[in-house]
Amino acid sequence: MSDDWRERVDAVWTDADDTNEDATLAAIDALVAERPADDPEALFEAASARDFAGREADAEPFYRAALAHGLAEPYRGQAIVQLASTLRNLDRPAEALALLRDFLLAEPEHPLADAARAFAALALFDDGMRADALREALGALAPHLLRYGRAVTAYAAALDDD
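In this note's numbering, the protein residues as written are 34 to 195.
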(Lines of atoms letter the chains of each structure in order from A and count residues from 1; the text may use other names and numbers.)
(Lines give C-alpha, C1' and ligand atoms only; values in the text may rest on other atoms or scores of the structure.)
Protein backbone atom coordinates (compact mmCIF):
# COMPACT_ATOMS: atom_id res chain seq x y z
CA MET A 1 0.00 0.00 0.00
CA SER A 2 1.54 3.28 -1.01
CA ASP A 3 2.10 5.96 1.61
CA ASP A 4 0.48 8.44 -0.78
CA TRP A 5 -2.75 6.42 -0.88
CA ARG A 6 -2.87 6.19 2.92
CA GLU A 7 -2.18 9.93 3.23
CA ARG A 8 -5.04 10.71 0.85
CA VAL A 9 -7.40 8.42 2.77
CA ASP A 10 -6.35 10.02 6.05
CA ALA A 11 -6.97 13.48 4.56
CA VAL A 12 -10.55 12.50 3.68
CA TRP A 13 -11.15 11.32 7.24
CA THR A 14 -9.56 14.47 8.68
CA ASP A 15 -12.13 16.55 6.81
CA ALA A 16 -15.04 14.13 7.27
CA ASP A 17 -16.73 15.93 10.15
CA ASP A 18 -16.88 19.11 8.07
CA THR A 19 -18.07 17.34 4.91
CA ASN A 20 -21.36 15.89 3.76
CA GLU A 21 -21.55 12.14 4.54
CA ASP A 22 -22.26 11.31 0.89
CA ALA A 23 -19.25 13.38 -0.21
CA THR A 24 -17.04 11.53 2.26
CA LEU A 25 -18.36 8.19 1.01
CA ALA A 26 -17.75 9.21 -2.61
CA ALA A 27 -14.22 10.39 -1.83
CA ILE A 28 -13.36 7.14 -0.04
CA ASP A 29 -14.94 5.05 -2.80
CA ALA A 30 -12.83 6.87 -5.39
CA LEU A 31 -9.70 5.99 -3.43
CA VAL A 32 -10.86 2.41 -2.86
CA ALA A 33 -11.31 2.05 -6.64
CA GLU A 34 -7.56 2.62 -7.05
CA ARG A 35 -6.77 -0.56 -5.14
CA PRO A 36 -7.30 -4.23 -6.06
CA ALA A 37 -10.79 -5.52 -5.26
CA ASP A 38 -9.42 -7.81 -2.52
CA ASP A 39 -7.16 -5.23 -0.84
CA PRO A 40 -7.98 -5.54 2.88
CA GLU A 41 -7.21 -1.91 3.79
CA ALA A 42 -9.33 -0.63 0.91
CA LEU A 43 -12.18 -2.94 1.95
CA PHE A 44 -11.87 -1.65 5.51
CA GLU A 45 -12.03 1.96 4.31
CA ALA A 46 -15.10 1.15 2.19
CA ALA A 47 -16.78 -0.35 5.27
CA SER A 48 -15.82 2.59 7.47
CA ALA A 49 -17.18 5.10 4.96
CA ARG A 50 -20.49 3.26 4.79
CA ASP A 51 -20.71 3.19 8.56
CA PHE A 52 -19.92 6.90 8.67
CA ALA A 53 -22.74 7.54 6.19
CA GLY A 54 -25.19 5.52 8.33
CA ARG A 55 -25.30 2.60 5.90
CA GLU A 56 -24.48 -0.17 8.36
CA ALA A 57 -26.08 -2.96 6.30
CA ASP A 58 -23.84 -2.00 3.38
CA ALA A 59 -20.77 -1.79 5.64
CA GLU A 60 -21.01 -5.28 7.14
CA PRO A 61 -19.89 -7.28 4.07
CA PHE A 62 -16.94 -4.96 3.54
CA TYR A 63 -15.77 -5.44 7.14
CA ARG A 64 -16.09 -9.20 6.79
CA ALA A 65 -14.21 -9.19 3.48
CA ALA A 66 -11.42 -7.02 4.90
CA LEU A 67 -10.94 -9.40 7.82
CA ALA A 68 -11.18 -12.48 5.58
CA HIS A 69 -8.48 -11.05 3.31
CA GLY A 70 -6.06 -10.65 6.21
CA LEU A 71 -6.47 -7.06 7.34
CA ALA A 72 -3.44 -6.24 9.48
CA GLU A 73 -3.03 -3.99 12.49
CA PRO A 74 -3.62 -1.24 13.28
CA TYR A 75 -6.77 -1.58 11.21
CA ARG A 76 -7.72 -5.15 12.18
CA GLY A 77 -8.72 -4.26 15.74
CA GLN A 78 -10.61 -1.23 14.49
CA ALA A 79 -12.48 -3.39 11.98
CA ILE A 80 -13.52 -5.86 14.67
CA VAL A 81 -14.81 -3.14 16.99
CA GLN A 82 -16.53 -1.31 14.15
CA LEU A 83 -18.10 -4.51 12.79
CA ALA A 84 -19.42 -5.30 16.26
CA SER A 85 -20.89 -1.81 16.48
CA THR A 86 -22.46 -2.30 13.06
CA LEU A 87 -23.99 -5.62 14.10
CA ARG A 88 -25.40 -3.98 17.20
CA ASN A 89 -26.91 -1.19 15.10
CA LEU A 90 -28.44 -3.87 12.88
CA ASP A 91 -30.23 -5.27 15.97
CA ARG A 92 -27.86 -8.24 16.27
CA PRO A 93 -26.34 -7.61 19.71
CA ALA A 94 -25.66 -11.29 20.43
CA GLU A 95 -23.52 -11.52 17.28
CA ALA A 96 -21.74 -8.32 18.22
CA LEU A 97 -21.05 -9.65 21.69
CA ALA A 98 -19.73 -12.98 20.39
CA LEU A 99 -17.35 -11.18 18.03
CA LEU A 100 -16.06 -8.94 20.81
CA ARG A 101 -15.73 -11.81 23.30
CA ASP A 102 -13.63 -13.79 20.80
CA PHE A 103 -11.48 -10.72 20.16
CA LEU A 104 -10.97 -10.03 23.88
CA LEU A 105 -10.26 -13.67 24.64
CA ALA A 106 -7.61 -13.83 21.92
CA GLU A 107 -6.10 -10.41 22.60
CA PRO A 108 -6.93 -9.15 26.11
CA GLU A 109 -4.11 -6.59 25.98
CA HIS A 110 -4.95 -5.21 22.54
CA PRO A 111 -4.81 -1.38 22.48
CA LEU A 112 -8.54 -1.35 21.65
CA ALA A 113 -9.53 -3.84 24.38
CA ASP A 114 -11.25 -1.15 26.45
CA ALA A 115 -13.14 0.10 23.40
CA ALA A 116 -14.18 -3.49 22.70
CA ARG A 117 -15.42 -3.79 26.27
CA ALA A 118 -17.39 -0.56 25.92
CA PHE A 119 -19.13 -1.89 22.82
CA ALA A 120 -19.64 -5.24 24.56
CA ALA A 121 -21.40 -3.34 27.35
CA LEU A 122 -23.67 -1.66 24.80
CA ALA A 123 -24.45 -5.02 23.18
CA LEU A 124 -25.23 -6.56 26.57
CA PHE A 125 -27.53 -3.66 27.38
CA ASP A 126 -29.32 -4.03 24.04
CA ASP A 127 -29.70 -7.74 24.70
CA GLY A 128 -31.46 -7.00 28.00
CA MET A 129 -28.57 -7.93 30.28
CA ARG A 130 -28.40 -4.65 32.16
CA ALA A 131 -26.30 -5.77 35.14
CA ASP A 132 -23.85 -7.57 32.85
CA ALA A 133 -23.61 -4.42 30.74
CA LEU A 134 -22.80 -2.25 33.74
CA ARG A 135 -20.33 -4.85 35.03
CA GLU A 136 -18.58 -4.86 31.65
CA ALA A 137 -18.38 -1.07 31.51
CA LEU A 138 -17.14 -0.75 35.08
CA GLY A 139 -14.65 -3.56 34.50
CA ALA A 140 -13.15 -1.59 31.62
CA LEU A 141 -13.12 1.61 33.68
CA ALA A 142 -11.78 0.29 37.00
CA PRO A 143 -8.14 -0.26 35.94
CA HIS A 144 -7.92 3.40 34.91
CA LEU A 145 -9.11 4.79 38.24
CA LEU A 146 -6.31 6.19 40.36
CA ARG A 147 -8.39 5.54 43.45
CA TYR A 148 -11.33 3.29 44.15
CA GLY A 149 -10.57 0.82 41.35
CA ARG A 150 -10.71 -2.10 43.77
CA ALA A 151 -14.01 -0.89 45.24
CA VAL A 152 -15.57 -0.35 41.80
CA THR A 153 -14.44 -3.84 40.76
CA ALA A 154 -15.98 -5.38 43.88
CA TYR A 155 -19.25 -3.48 43.55
CA ALA A 156 -19.48 -4.38 39.86
CA ALA A 157 -19.04 -8.06 40.70
CA ALA A 158 -21.92 -7.83 43.18
CA LEU A 159 -24.42 -6.37 40.68
CA ASP A 160 -27.46 -8.38 39.73
CA ASP A 161 -30.47 -7.80 37.50
CA ASP A 162 -32.98 -7.55 40.36
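Glycine residues also receive a C-beta, built at the ideal position from the N, C-alpha and C atoms.
Roughly how many whole angstroms lie between the Cα atoms of A156 and V65?
In the sequence shown, residue 156 corresponds to position 123, counting from 1. In the sequence shown, residue 65 corresponds to position 32, counting from 1. Those two C-alpha atoms are separated by around 30 Å.
Which value, in whole angstroms, describes the spacing of the CA atoms of D48 and D37?
In the sequence shown, the residue the question calls residue 48 occupies position 15. In the sequence shown, the residue the question calls residue 37 occupies position 4. The alpha-carbon atoms of D48 and D37 are separated by roughly 17 Å.
For a quick check, are the C-beta atoms of A151 and A173 less than 8 Å apart?
Here residue 151 is taken as the residue at index 118 of the sequence shown, counted from 1. Here residue 173 is taken as the residue at index 140 of the sequence shown, counted from 1. Taking 8 Å as the Cβ cut-off, A151 and A173 qualify as a contacting pair.
What are the start and end residues of each continuous alpha helix (DSSP H) run of 4 or more residues lying completely inside the region 78 to 132, in chain order?
89 to 101 and 108 to 122
Whole-angstrom distance between A63 and V185, CA atom to CA atom
Sequence index remark: in the sequence shown, residue 185 carries index 152 (1-based). Sequence index remark: in the sequence shown, residue 63 carries index 30 (1-based). Distance between the alpha carbons of V185 and A63: 48 Å.
Quick check: what's the CA-CA separation for A154 versus A70?
The residue you call residue 154 lines up with position 121 of the sequence shown. The residue you call residue 70 lines up with position 37 of the sequence shown. So the two alpha carbons sit approximately 34 Å from each other.
Length of the line joining the Cα atoms of D147 and L133:
In the sequence shown, counting from the first residue as 1, residue 147 sits at position 114. In the sequence shown, counting from the first residue as 1, residue 133 sits at position 100. The straight-line gap from Cα to Cα measures roughly 11 Å.
Suppose you measure from the CA of L192 to the CA of G182; what does that come to, to the nearest Å?
Within the sequence shown, numbered from 1, the residue matching residue 192 stands at position 159. Within the sequence shown, numbered from 1, the residue matching residue 182 stands at position 149. When rounded, the distance between both Cα atoms is 16 Å.
Only counting the same chain, and skipping five residues up and downstream in sequence, which positions put a Cβ closer than 6 Å to that of A129?
Start at 1 with the first residue of the sequence shown, and residue 129 comes out as number 96. Same-chain partners within the cutoff: A117, L120, R121 and A156.
T186: first and last residue of the uninterrupted alpha helix (DSSP H) it sits in:
Residue mapping note: residue 186 aligns to position 153 of the sequence shown, counting from 1. From DSSP, the alpha helix (DSSP H) with T186 extends over G182 to A191.
For A70, report the span of its alpha helix (DSSP H) as first-last.
Here residue 70 refers to the residue found at position 37 of the sequence shown. A70 -> no alpha helix (DSSP H), and no H or E assigned at all.
Within its chain, find whatever has a CB closer than 7 Å to the CB of A92; leave out the 5 residues flanking it on each side and keep chain order.
Reading the sequence shown from its first residue, position 59 is the one you call residue 92. Here the set comprises A80, R83, D84 and T119.
Residue range of the unbroken alpha helix (DSSP H) whose run includes E54:
If you number the sequence shown from 1, residue 54 lands on position 21. Residues E54 to V65.
Helix, strand or coil at E169 [DSSP, three-state]
Here the question's residue 169 lines up with position 136 in the sequence shown. It is helical.
Work out the CA separation of P176 and G87 for me, nearest whole Å.
Along the sequence shown, one-based indexing puts residue 87 at 54. Along the sequence shown, one-based indexing puts residue 176 at 143. Cα to Cα, the separation comes out at about 33 Å.
Using a Cβ-Cβ cutoff of less than 6 Å, which residues in the same chain neighbour L58 once the five nearest sequence positions on both sides are dropped?
Within the sequence shown, residue 58 is the residue found at index 25, counting from 1. The residues are A82 and A86.
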